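Since the structure comes first, as structure tokens, the remarks are kept for the end.
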Amino acid sequence: MKQAEHYPLRVEEQIAIIYLGTKGLLRNVPVNKVVEFEKEFLALMNDQHKDTLETLRAGKLTDEVTKTVEQVGADVSSKYKS
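Per our numbering: the sequence shown = residues 206 to 287.
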């Protein structure tokens, strides 16, 4: 995870990305495409799953939250498989 200078990720966004990485859900994303993946993943989360990000911001990592993060991550990462 690399953040652009002067454009830090919000805590809930960091949690979602780190969760995907620690669960091995980014292993099919080529290293040179990780930043692109992060942007697409976070855009989708912010557009369609704000409630999930708000739950993460509140410090709650529920089964529903992890299921949503994993599903969105899988959907986006499937575009990067070779």
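Think of the CB as a built atom: it goes at the ideal place given N, C-alpha and C, for glycine as much as any other residue. The structure displayed is predicted, hence computed values, not measured ones.
When 271, 261, 245 and 237 are compared, the shortest CA-CA separation from residue 219 is found for 261.
Taking all protein chains in view, the Cβ of residue 236 is surrounded by fewer than 16 other Cβ atoms within 10 Å, so the residue is classified as exposed.
Assignment of residue 279 by DSSP, reduced to helix, strand and coil, places it in the helix class. Residue state for residue 249 is assigned as helix, using DSSP reduced to three classes. In the same chain as residue 216, and ignoring 5 residues on each side of it, the C-beta atoms closer than 7 angstroms to its own belong to 262, in chain order. Contact check for residue 274 against residue 257 passes: the beta carbons are separated by less than 9 angstroms. In this structure, residue 233 lies near residue 283, with their beta-carbon atoms less than 9 angstroms apart. In the assembly as shown, residue 222 is a buried residue. Its beta-carbon has 16 or more other beta-carbons within 10 Å.
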